[in-house]
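Since the structure comes first, as structure tokens, the remarks are kept for the end.
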Amino acid sequence: MASDSSCNDINDCRKLFDIIWGYVVTIFACTWISVHPNVPPHCEGTSIALRRCFLMVVAVIAPEMMAGFALRQFIRAKKYSKEYALSLTHGFFISMGGFVTRQGHHPIVEPEQFTEEILADIRATKAQDIEDKSKGDAVSKGLALVQTSWFLVQILTRAIQHLPITGLEISTVAFAVPNLSIMIGPGPEEYEIPETFWRAAPNDPEESTSVPTSWAGTVKWGQTDFVIFVVGSMVACLFGAIHCFSWNFSFPTSTEQMMWRISAAFVALSPSVFPPVLAAHHMLDGRDWQSLRKGLLCIVLFVAIIFVIGSLFYVACRLILLTIAFTTLRSLSQDAYRGIGWTNYLPHM
150 MASDSSCNDI NDCRKLFDII WGYVVTIFAC TWISVHPNVP PHCEGTSIAL
200 RRCFLMVVAV IAPEMMAGFA LRQFIRAKKY SKEYALSLTH GFFISMGGFV
250 TRQGHHPIVE PEQFTEEILA DIRATKAQDI EDKSKGDAVS KGLALVQTSW
300 FLVQILTRAI QHLPITGLEI STVAFAVPNL SIMIGPGPEE YEIPETFWRA
350 APNDPEESTS VPTSWAGTVK WGQTDFVIFV VGSMVACLFG AIHCFSWNFS
400 FPTSTEQMMW RISAAFVALS PSVFPPVLAA HHMLDGRDWQ SLRKGLLCIV
450 LFVAIIFVIG SLFYVACRLI LLTIAFTTLR SLSQDAYRGI GWTNYLPHM
């Protein structure tokens, strides 16, 4: 078993702590900093941290869900912008529950709430005033982008120099790539304070005082949902495909290597069946099951069972990949501790 003491030149060496620290900082940048919870209820600033923690857990477990949510949020913001002649900033702020009524603090997000008077108030709110509510979010986003890009450059450089890359670093790349696209793509800022209107808007007194954490509007299946599922599946396939790059890496045991290969292959291939299965479910939704032929009904039930089992196995494979990424750290080759010399002279986290 190699230890980090086998690296003799301090200027050309990295320690096990450096490998783990790179994972922690990059995952933090990709999840905690890059996610943007919807605007919290009035006078409930502490819920920002709770919502962010929830989204961070979701991003770690299923980054494809965050990609789908970001796409749905963008589509919703574009819809608001086009239908009501608003800026994209206004569209994102509306979809995040940023505009609320004075009485009851109900978010203004549904079409029936957009009266001419309310729209006039929204248009009177300058985009710059909305952006000022982000409280330095651009700085945090910039730091996250720099850290993620820095990590990816280091991994690419190690590959070019034929230096070993650990399983943990491969897993980090799998998380970083889809999150990097979210960070550089058009998206909202983090807003902690809603814009309150004195004017009343149609609402139900029993309605919530904020939109749910991952809410991005109600969109009909035929319009965008299928596209969102396809994009989410592509991100999930990419996540698994990146893990397949370590197919021929050395592992402490042949069992770990086999489990890694099976899990990576399953995660890379299985998400591709999700969109057609969900499309078939949508087509059969509302059908009279008694009218289906017995043979067809058996096929539907069989596919449903396989889908459930496959989903559970998919989750298990994701956990296996993450677990093995850490367990393989116990036995790294001496070259795995060799660093990239020029990184010692550049500032980084």
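The sequence shown begins at 150 in this note's numbering and counts up by one. Don't be surprised by glycine CBs; every beta carbon is placed ideally from N, CA and C.
With a floor of 4 residues, list each alpha helix (DSSP H) that falls wholly inside the segment 377-414, ordered by position along the chain. Counting only unbroken stretches of 4 or more residues, no alpha helix (DSSP H) element lies wholly within the segment 377-414.
Specify the secondary structure class of D353 as computed by DSSP and reduced to three states. Looking up residue 353 in the sequence shown gives position 204. With a pLDDT of 48 at D353, under the threshold of 50, the modelled position of this residue cannot be trusted; read the value that follows with caution. The answer is coil: DSSP assigns D353 none of H, G, I, E or B.
What's the C-alpha gap between S152 and A417? Residue 152 sits at position 3 when you count from the first residue of the sequence shown. Residue 417 sits at position 268 when you count from the first residue of the sequence shown. In this prediction, S152 has a pLDDT of 45, which is less than 50 and means its spatial position is unreliable; nothing more can be read from the coordinates.
Identity of the residues DSSP links to R487 by a beta bridge: As a position in the sequence shown, residue 487 is number 338, starting the count at 1. Answer is C162.
If the criterion is Cβ atoms closer than 9 Å, does the pair I576 and T238 meet it? Residue 576 is absent from the model: the chain starts at 150 and stops at 498.
So, helix, strand or coil for T321, using DSSP? On the sequence shown, residue 321 is found 172 positions in, with the first residue counted as 1. Helix at T321.
Using the C-alpha atoms, what's the distance from I176 back to I304? One-based indexing of the sequence shown puts residue 304 at position 155. One-based indexing of the sequence shown puts residue 176 at position 27. So the two alpha carbons sit approximately 15 Å from each other.
Assign F241 to one of three DSSP states: helix, strand, or coil. The residue labelled residue 241 in the question sits at position 92 within the sequence shown. Secondary structure of F241 (DSSP, three-state): helix.
Measure the CB-CB distance between W181 and M205 and report whether it falls below 9 Å. On the sequence shown, position 32 is the one that residue 181 refers to. On the sequence shown, position 56 is the one that residue 205 refers to. At the C-beta level, W181 and M205 come within 9 Å of one another.
What residues in its chain sit with their C-beta under 8 Å from that of V184, if we drop five residues either side in the sequence? Counting from one through the sequence shown, the residue named residue 184 turns up at place 35. If you ignore the 5 residues before and after V184, its C-beta comes within less than 8 Å of the C-beta of R201, L204, M205, A208 and M215, all in its own chain and listed in chain order.
F263 by DSSP, collapsed to three states: which one? Residue mapping note: residue 263 aligns to position 114 of the sequence shown, counting from 1. Here F263 sits in coil by DSSP.
Could you say which of A465, I458 and Y486 lies nearest to M408 if we only look at CA atoms? Reading the sequence shown from its first residue, position 259 is the one you call residue 408. Closest option to M408, Cα to Cα, is A465.
Exposed or buried, what is R163 when buried is set at 16 or more other beta-carbons lying within 10 Å of its beta-carbon? One-based indexing of the sequence shown puts residue 163 at position 14. Here R163 is buried. Its C-beta has 16 or more other C-beta atoms within 10 Å.
Given this structure, state the Cα-to-Cα distance separating V288 from Q277, to the nearest angstrom. In the sequence shown, residue 288 corresponds to position 139, counting from 1. In the sequence shown, residue 277 corresponds to position 128, counting from 1. Distance between the alpha carbons of V288 and Q277 is about 16 Å.
Beta-carbon proximity list for I489, same chain, < 8 Å, skipping 5 on both sides: Indexing the sequence shown from 1 puts residue 489 at position 340. Result list for I489: Q303, T306, R307, Q310 and L312, in chain order.
What does a CB cutoff of less than 8 Å around S382 pick up in its chain, not counting 5 residues either side in sequence? Along the sequence shown, read from residue 1 onward, the residue named residue 382 stands at position 233. For S382, where only same-chain residues beyond five positions count, the Cβ hits under 8 Å are E213, P420, S421, F423 and P424.
Is it true that the CB of F324 sits closer than 9 Å to the CB of G171? Residue mapping note: residue 171 aligns to position 22 of the sequence shown, counting from 1. Residue mapping note: residue 324 aligns to position 175 of the sequence shown, counting from 1. No, the Cβ-Cβ distance between G171 and F324 is not below 9 Å.
Does the segment 459-476 come close enough to the segment 313-320 that 3 or more CB-CB pairs lie under 8 Å? Segments in contact, yes.
Can you look up S480 in the DSSP assignment and give me helix, strand or coil? In the sequence shown, the residue the question calls residue 480 occupies position 331. DSSP places S480 in coil when its eight states are reduced to three.
Just tell me which of T297, L478 and R487 has its CA closest to the CA of P401. Within the sequence shown, the letter at position 252 stands for residue 401. Of the candidates T297, L478 and R487, the one whose C-alpha sits nearest the C-alpha of P401 is L478.
Excluding the 5 residues flanking I210 on each side, which residues of the same chain have their C-beta closer than 6 Å to its C-beta? Here residue 210 refers to the residue found at position 61 when the sequence shown is read from its first residue. No residues qualify anywhere along the chain.
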